[in-house]
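>
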Amino acid sequence: MTGIGWLVFFLCSLFRERAMLTHPAIVGPPAFLPVYRKPVRAGFPSPADDYLDAPIDLSRALIKNAPATFIMTVAGDSAIDAGIFDGSLITVDRSLRPLDGDPVVVDVNGERSIKIFRIVGGRSCLAFGNRRYPDYDPGPDADIEIFGVITNSVRRFRR
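Position in the sequence shown counted from 1, then plus 301, gives you my numbering.
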């Protein structure tokens, strides 16, 4: 094997466990959907709001940096105050640095979960996105790695 062959073999074996857990998203040709020009009201509708705007491609609207973006399914209710619910699909962008208040996917001691990134007193910390949960304290020796910033959540109402 050549030097580059050994390097590829080494890198593949290093990431084999994670690679087996991912599957490519099949996007296919763009599907342009009609978009109403004005937002839909959650109160009383206006008859003047029936004008359509230019069509939209949801993959372009939801994903800004495709090579760094992953789609994940949410399990649990620890982020409901952030609008992320059990069964939601989330887009996670690994190229973004988290800002105060961003929901993030984080690995804590090898366990992946959703937390809210906070900056308190100049220090970064993590919090649950559900006010019914206690304060989040991973402990002083926790191994913490932010996987990426959650940029979108798609909630399915009917299956």
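The beta carbon of each residue, even a glycine, is placed where N, CA and C say it ideally should be. Since this is a predicted model, take the numbers as computed values, not measurements.
Taking contact to mean at least 3 C-beta pairs separated by less than 8 Å, is the region 423–430 in contact with the region 370–388?
yes
> By alpha-carbon positions, which one of F458, R342, F333 and I364 ends up nearest to S396?
What you label residue 396 is simply residue 95 of the sequence shown in a count that begins at 1. When only C-alpha atoms are compared, the closest one is I364.
> By how many angstroms is the C-alpha of I447 removed from the C-alpha of V393?
Translated into positions along the sequence shown, residue 393 becomes position 92. Translated into positions along the sequence shown, residue 447 becomes position 146. Cα to Cα, the separation comes out at about 11 Å.
> Using only CA atoms, which one of D387, I372, P340 and R342 lies nearest to N453?
Locating residue 453 in the sequence shown gives position 152, counting from the first residue. Of the candidates D387, I372, P340 and R342, the one whose C-alpha sits nearest the C-alpha of N453 is I372.
> What does a CB cutoff of less than 7 Å around P399 pick up in its chain, not counting 5 residues either side in sequence?
For this step, residue 399 is matched to residue 98 along the sequence shown. The answer, listed in chain order, is V405, F418, I447 and V450.
> Counting contacts by CB-CB distance shorter than 9 Å, is R398 in contact with chain B?
No chain B appears in this structure, which consists of one protein chain only.
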